[in-house]
Amino acid sequence: MVGSLIGLYLFTTDNQPTAELVVEEAAAPQEAYALAPSEPTRLRIPKLDIDTTFVPPLGLLPNGEVAVPDSDTEVGWYKHSPTPGALGPAVILGHIDSYTGPAVFFYLGQLEPGDDVFVDRADGSTAHFKVESLERPRQSEFPTERVYGNIDHAGLRLITCSGIYVKGNQRYTHNLVVYARLVSEGG
């Protein structure tokens, strides 16, 4: 009963009770902010001093895994994901290290919510993202749906290896996934 009276205020005028229903208008649904599709050309993460180019777009390997860049100093965009800035989760991959030392995403785990990520695009625009969260899942429990599944905004996933390197498998035990959201064009 109390719940049905929320927003109902009783007023009396001339000893005559009257009722007024106070209703707040619901906020109009906001359209997701997104840019037109355009392939990425450069990735910049000021906090980490990353300013790098992209290898040719990445696809899938015969075993169904996403290919990784053939460069330790450049990153790769997964071509079956939206382009960075377009609606949906754009996926960018980079190595954490190589046989010779640290690679482009070596310090990726130092990002924090609110940090800036910029992706320059082939159409001359720049997609400006803000980091929302980081996750370090075991590779055997990779959050495929959370990374690649549909979302209602222009998102960005930065992915690298993490955890312990298992030499016999030539793999790391974990991945690092950085989740970011498009906040503006420019930067």
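The opening position of the sequence shown corresponds to residue 14 in our numbering, with each subsequent residue numbered one higher.
Using N, Cα and C, we set each Cβ at its ideal position, and we do this for glycine too.
Beta-carbon spacing of residue 135, residue 47 below 8 Å: The residue you call residue 135 lines up with position 122 of the sequence shown. The residue you call residue 47 lines up with position 34 of the sequence shown. Pairing residue 135 with residue 47 gives a Cβ-Cβ distance that is not under 8 Å.
Option in 121, 92, 85 and 102 with minimal Cα separation from residue 110: Position 97 of the sequence shown holds residue 110. Comparing C-alpha distances from residue 110 to each of 121, 92, 85 and 102 shows the shortest one belongs to 85.
Supposed close pair residue 121, residue 173 - CB separation, criterion 8 Å: Working through the sequence shown from its first residue, we reach residue 121 at position 108. Working through the sequence shown from its first residue, we reach residue 173 at position 160. Yes, residue 121 and residue 173 are in contact; Cβ-Cβ is about 5 Å, under 8 Å.
Selection from 157, 144, 184 and 187 that minimises the alpha carbon distance to residue 196: For this step, residue 196 is matched to residue 183 along the sequence shown. Per the Cα distances, 144.
Straight-line gap, residue 117 to residue 105 (C-alpha atoms, nearest Å): Position 104 of the sequence shown holds residue 117. Position 92 of the sequence shown holds residue 105. Cα-Cα distance, rounded: 12 Å.
Backbone secondary structure at residue 179 - three-state DSSP: Reading the sequence shown from its first residue, position 166 is the one you call residue 179. It is a strand residue.
Validate contact between the region 62-76 and the region 90-107 using beta carbons, cut 8 Å, 3 pairs: These segments touch.
Residues near residue 61 by beta carbon distance below 8 Å, same chain, minus five either side: As a position in the sequence shown, residue 61 is number 48, starting the count at 1. The residues are 120, 121, 123 and 124.
Identified DSSP bridge partners for residue 47: As a first step, residue 47 must be located in the sequence shown, where it is residue number 34. Among the bridge pairs identified by DSSP, residue 47 is matched with none.
Helix, strand or coil at residue 157 according to DSSP, with G and I counted as helix: Counted from its first residue, the sequence shown places residue 157 at position 144. Looking at residue 157 - three-state DSSP - the assignment turns out to be helix.
DSSP three-state assignment for residue 61, whether helix, strand or coil: Counted from its first residue, the sequence shown places residue 61 at position 48. Here residue 61 sits in helix by DSSP.
Contact between the region 146-164 and the region 180-198 (3+ Cβ pairs under 8 Å): Taking a contact to require three or more Cβ pairs closer than 8 Å, the region 146-164 and the region 180-198 qualify as touching.
Cβ pair residue 113, residue 103 closer than 8 Å: Along the sequence shown, one-based indexing puts residue 113 at 100. Along the sequence shown, one-based indexing puts residue 103 at 90. Not closer than 8 Å, so no.
Proximity to residue 101 [Cα-Cα], best of 175, 170 and 200: Stepping through the sequence shown from its first residue, residue 101 is reached at position 88. Nearest C-alpha to residue 101: 170.
Minimum length 4: unbroken alpha helix (DSSP H) runs contained in the region 106-142: Listed in chain order, nothing qualifies, since the region 106-142 has no complete alpha helix (DSSP H) run of 4 or more residues.
Residue 63 versus 184, 82, 87 and 192, residue with shortest Cα-Cα distance: Start at 1 with the first residue of the sequence shown, and residue 63 comes out as number 50. Measuring C-alpha to C-alpha distances from residue 63 to each of 184, 82, 87 and 192 identifies 87 as the nearest.
Cβ pair residue 55, residue 133 closer than 8 Å: Taking the first residue of the sequence shown as 1, we reach residue 55 at position 42. Taking the first residue of the sequence shown as 1, we reach residue 133 at position 120. Closer than 8 Å, so yes.
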